[in-house]
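Down below is the structure, laid out as structure tokens.
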Amino acid sequence: MTPLDRFLKLCCTEIERRAQLAQTERVALLGGAAAFRRALDVAAPGPQAARCVLTTVPVATQLQHLLPTSIGQAAVAAAGEIPWIPSPRVDDGGANVALGIVNDARVLGPLTCGLILVAPGAAYPEHAHPPQEIYLPISGRGSWRYGGSGEYRSLHDDSLVYNHPRDLHGTIAGDEPLLALYILWA
Ligand SMILES: [Fe+2]
């Protein structure tokens, strides 16, 4: 098991734990957790499993400033196994926002999985898409528009973000870099 496999399994266990605690959208969150678990159980190395382009994305330096939690440190350990790119939603060359494309490192069947990394004070722009989505916040206090709400809210420590199909959603990082894992499934 590589650091990336360990990190993804930690994320899955954390999504399962938080889904069990959820007061709203619990059925959908448990469904997403189960889809993630199924995908990880059969995951194979992806087309760019050994390729590391971390240093070509400026905001990747923010990974050094993640909170020293076990899952945050597991993310840092795994970061070199994931291809990182500037976000196509932000025209900044990766100065403030980057995506870690987990699907390029692991074949996960129909599941889409990745990381968003947002510099302090920067925004990951509002967007919408047909698949439903879970975000697992890993490090950094941000505010989130999600779940069909028009407001930005901060989250409790054990929260997950759930977006129904086509919900408009986005996030703004606070004083610390924000790292979150996303999964999209049908
Ligand atoms: Fe999204």
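In the working numbering, the protein residues as written are 254 to 439.
Glycine residues also receive a C-beta, built at the ideal position from the N, C-alpha and C atoms.
Since the structure is predicted, the reported quantities are computational estimates derived from the model, not experimental observations.
Checklist entry - DSSP three-state call for GLY284: helix, strand or coil? => result helix
Checklist entry - On the three-state DSSP scale, how would you describe ALA433? => result Note: ALA433 maps to strand in three-state DSSP.
Next on the checklist: Assuming contact is defined by CB atoms lying nearer than 8 Å, are ALA439 and ILE369 in contact in what I supplied?
Outcome noted: no
Checklist entry - So what does DSSP say about LEU352, is it helix, strand or coil? => result Note: LEU352 maps to strand in three-state DSSP.
Item to check | Integer-rounded CB distance, given that GLY367 should sit under 8 Å from GLY353 | outcome: 6 Å
Checklist entry - Under 8 Å, do ARG398 and GLY423 count as touching if we go by C-beta distance? => result Cβ atoms of ARG398 and GLY423: closer than 8 Å.
Next on the checklist: Is the separation between the beta-carbon of ALA376 and that of PRO256 shorter than 8 Å?
Outcome noted: Their beta carbons are not under 8 Å apart, which means ALA376 does not touch PRO256 by this criterion.
Checklist entry - What is the DSSP secondary structure of LEU368, counted as helix, strand or coil? => result strand
Next on the checklist: By the three-class DSSP mapping on this structure, what secondary structure does GLN315 have?
Outcome noted: helix
Checklist entry - Taking PRO390 as the reference, which of ASN349, ARG291, PRO430, ARG290 has the closest Cα? => result PRO430
Next on the checklist: Let me confirm a value: VAL355 is counted as buried when at least 16 other C-beta atoms fall within 10 Å, else exposed. Which label applies?
Outcome noted: buried
Checklist entry - Regarding ASN416 and ligand 1, is the C-beta to nearest heavy atom distance less than 7 Å? => result yes
Next on the checklist: On the DSSP bridge list, what partners appear for LEU389?
Outcome noted: Residue pairing by DSSP places LEU389 opposite LEU434 in a beta bridge.
Checklist entry - Which of helix, strand or coil does DSSP assign to PRO441? => result No statement about residue 441 is possible, as the shown extent of the chain runs from 254 to 439 and does not include it.
Next on the checklist: Is the beta carbon of ARG359 closer than 8 Å to that of PRO298?
Outcome noted: Yes, Cβ-Cβ distance for PRO298 and ARG359 is below 8 Å.
Checklist entry - Can you tell me whether DSSP reads ILE425 as helix, strand or coil? => result strand
Next on the checklist: Rounded to whole angstroms, what is the Cα-Cα separation between GLU269 and HIS380?
Outcome noted: C-alpha of GLU269 to C-alpha of HIS380: approximately 25 Å in a straight line.
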